[in-house]
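> I have a structure here, written as structure tokens, and I will follow up with some questions on it.
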Amino acid sequence: MGLIVQKYGGTSVGSVERIENVARRVMDYRKRGHDVVVVVSAMSGETDRLMRLAKEIDPRPNERELDVLLATGEQVTIALLAIMLNKLGCPARSYTGAQVQILTDDVHNKARILNINEQRVRKDLQDGRVVVVAGFQGVDEKGDITTLGRGGSDTTGVALAAALKADECQIYTDVDGVYSTDPRVVPNARRLERITFEEMLEMASLGSKVLQIRSVEFAGKYNVPLRVLSSFGEGSGTLITYEDKAMEQALISGIAFNRDEAKLTIVGVPDQPGVAYRILGPIGEANVEVDMIVQNVGADGTTDFTFTVHRNDFDKAMGIMKTVAKELRARDTKGDNKIVKISLVGVGMRSHAGIASSMFKALADHGINIQMISTSEIKISVVVDEKYLELGVRALHDAFGLEQKPESVR
Ligand code: ADP
Ligand code: ASP
Ligand code: MG
Numbered sequence: 259m260g261l262i263v264q265k266y267g268g269t270s271v272g273s274v275e276r277i278e279n280v281a282r283r284v285m286d287y288r289k290r291g292h293d294v295v296v297v298v299s300a301m302s303g304e305t306d307r308l309m310r311l312a313k314e315i316d317p318r319p320n321e322r323e324l325d326v327l328l329a330t331g332e333q334v335t336i337a338l339l340a341i342m343l344n345k346l347g348c349p350a351r352s353y354t355g356a357q358v359q360i361l362t363d364d365v366h367n368k369a370r371i372l373n374i375n376e377q378r379v380r381k382d383l384q385d386g387r388v389v390v391v392a393g394f395q396g397v398d399e400k401g402d403i404t405t406l407g408r409g410g411s412d413t414t415g416v417a418l419a420a421a422l423k424a425d426e427c428q429i430y431t432d433v434d435g436v437y438s439t440d441p442r443v444v445p446n447a448r449r450l451e452r453i454t455f456e457e458m459l460e461m462a463s464l465g466s467k468v469l470q471i472r473s474v475e476f477a478g479k480y481n482v483p484l485r486v487l488s489s490f491g492e493g494s495g496t497l498i499t500y501e502d503k504a505m506e507q508a509l510i511s512g513i514a515f516n517r518d519e520a521k522l523t524i525v526g527v528p529d530q531p532g533v534a535y536r537i538l539g540p541i542g543e544a545n546v547e548v549d550m551i552v553q554n555v556g557a558d559g560t561t562d563f564t565f566t567v568h569r570n571d572f573d574k575a576m577g578i579m580k581t582v583a584k585e586l587r588a589r590d591t592k593g594d595n596k597i598v599k600i601s602l603v604g605v606g607m608r609s610h611a612g613i614a615s616s617m618f619k620a621l622a623d624h625g626i627n628i629q630m631i632s633t634s635e636i637k638i639s640v641v642v643d644e645k646y647l648e649l650g651v652r653a654l655h656d657a658f659g660l661e662q663k664p665e666s667v668r
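The sequence shown begins at 259 in the working numbering and counts up one residue at a time.
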């Protein structure tokens, strides 16, 4: 009993039949005595379709108007689900982000939620209705529609759960939980019963798109019990929790990867104070986010400086770097937008040495050259050629014994 917020992703609401399936699950929870708030995404493929339309007109569409357009995807789904619930005899009402009043900042296309006015939702729940809220969207102080970035419906779900102090936020998707790695790349990946917020945050930020990173941040910050489940079956999914000292921590929980990486190198710049700033300052000013950074000092007193950016920003970053290279009288510049990043994540790494070397050995055994390395307390990331992505992920999954064990086959 109590309040549950359920979020259904695009595939889960991809057709009228699937919307009916969602409605039946919601009604099931109601029968068991729960109040239910449902957050839905746009039907599968819809956000991409809308984006393509806008880009047909302008490759860099006006950001405010793009939000007006993209928000329509979720508006269709909330209405269809509410129509379905009412038809099936379950009183329901749908609301857009602006109607609820999910207040965000005004950074179009990647707005952050500032506040949620949950009064209207509460009133409907008291009146015995299911409340259906559009994911991925909000409204800024001026009353303009904003969107939260790709995958943003997860964040709407968690933020609503936090605002309503829900007993659980359930993220329904097309896989039945969080796996040791993307099951589309490693078919025998193992579903995790539990994963810590810290690990999930790393997995999400290192490329596992099963949860939007902000949703995990939010859930951790407001202590929202968060569960990832399949909308196509039963099962307890994966619970995202705080680290439990009593729990035996797996060495490695998962492998994340990111295909959207690009690498830039400026060769032979003087090894003196201020050089990193001279290079990365203008990159930051152009709103290009830098991920990994490596600097090597050569014997001749010059250094090579390499960094990675999102592939979409590659051309822009190359342009800036070439200008800086001239000013610094650098010997050369190089770029490669066919690289990927593969990362091992696990809180168990904290107390174990030797994981990095096992990782490097597994990659070496498969003839995979490592181009860059970066580590933190609970993760190790490597950059490799994109042609090695699948091979690399599978090799590491094998090397660390992450596959589904026969006894846990369901
Ligand atoms: P939704 O539309 O429901 O939001 P997403 O496509 O955003 O669904 O997220 C679910 C997908 O995330 C899965 O289909 C899977 O391919 C991918 N994924 C990536 N990494 C993982 C992982 N570690 N565990 C489970 N799914 C993952
Ligand atoms: N519809 C949006 C997207 O495709 C938001 C979401 O599904 O979470 O990114
Ligand atoms: Mg998603």
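Glycine included, each C-beta is placed from N, C-alpha and C at the ideal position.
1) Take Phe455 as the anchor and find which of Val603, Glu275, Lys289 has the nearest alpha-carbon.
2) So for Asn595, helix, strand or coil by DSSP?
3) Which of helix, strand or coil does DSSP assign to Leu522?
4) Helix, strand or coil, according to DSSP, for Pro483 in the structure here?
5) Among all the DSSP beta bridges, which residues are the ones paired with Val640?
6) Can you grab the Cα-Cα spacing for the pair Gly577 / Asp549, in whole Å?
7) Could you check if Asp434 belongs to the surroundings of the ligand MG, using beta carbon to heavy atom distance under 7 Å?
8) Just to confirm the assignment: which complete alpha helix (DSSP H) runs, minimum length 4, are found wholly within the region 501-588?
9) Within a Cβ cutoff of 6 Å, which residues of the same chain sit near Asp518, ignoring the five residues on either side of it in sequence?
10) With DSSP run on the structure shown, which of helix, strand or coil describes Gly272?
11) Counting beta carbon pairs with one atom in the region 297-307 and one in the region 407-419, are three or more of them shorter than 8 Å?
12) Alpha carbon to alpha carbon, how far is Leu459 from Gly478? Give it in angstroms, no decimals.
13) When you compare each of Ala312, Lys521, Arg322, Gly347 to Thr591 by their alpha carbons, which one comes out closest?
14) Can you tell me where the beta strand (DSSP E) holding Thr405 begins and where it ends?
15) Is the region 347-355 in contact with the region 381-397, if contact means three or more CB pairs nearer than 8 Å?
16) Opposite Ala392 in the DSSP bridges: which residues?
17) In whole angstroms, give me the CA-to-CA distance for Val274 and Phe394.
18) Count Cβ pairs between the region 532-545 and the region 632-640 that sit closer than 8 Å; are there 3 or more?
19) Output yes or no for whether 8 Å exceeds the beta carbon distance between Thr439 and Val642.
20) Is Val326 helix, strand or coil when you go by DSSP?
21) From what residue to what residue does the alpha helix (DSSP H) around Thr354 run?
Walking through what the data contain:
1) Selected option, being the one with the closest Cα: Val603.
2) In the structure shown, Asn595 sits in a strand (DSSP, three-state: E or B).
3) In the three-state DSSP reduction, Leu522 falls in the strand class (E or B).
4) Three-state result, Pro483: coil.
5) In the DSSP output, where bridge partners are listed per residue, Val640 has Ile600, Ile631.
6) Taking C-alpha positions only, Gly577 is separated from Asp549 by approximately 18 Å.
7) Asp434 Cβ: outside cutoff for every heavy atom of the ligand MG.
8) Within the region 501-588, the complete alpha helix (DSSP H) runs of at least 4 residues are 533-543, 572-585.
9) Around Asp518: His568, Arg569.
10) DSSP places Gly272 in coil when its eight states are reduced to three.
11) With three or more CB-CB distances shorter than 8 Å, the region 407-419 counts as touching the region 297-307.
12) So the two alpha carbons sit approximately 9 Å from each other.
13) The shortest C-alpha separation from Thr591 is found at Lys521.
14) Its beta strand (DSSP E) spans residues 403-405.
15) A contact between stretches requires three or more CB pairs, one per stretch, nearer than 8 Å, and the region 347-355 meets this requirement with the region 381-397.
16) The partner list for Ala392 (beta bridge, DSSP) reads Val298.
17) Spanning the two alpha carbons is a distance of roughly 21 Å.
18) Result no; under three Cβ-Cβ pairs closer than 8 Å.
19) Contact flag unset, no.
20) Looking at Val326 - three-state DSSP - the assignment turns out to be helix.
21) Under the DSSP assignment, Thr354 falls outside any alpha helix (DSSP H); it carries neither an H nor an E label.
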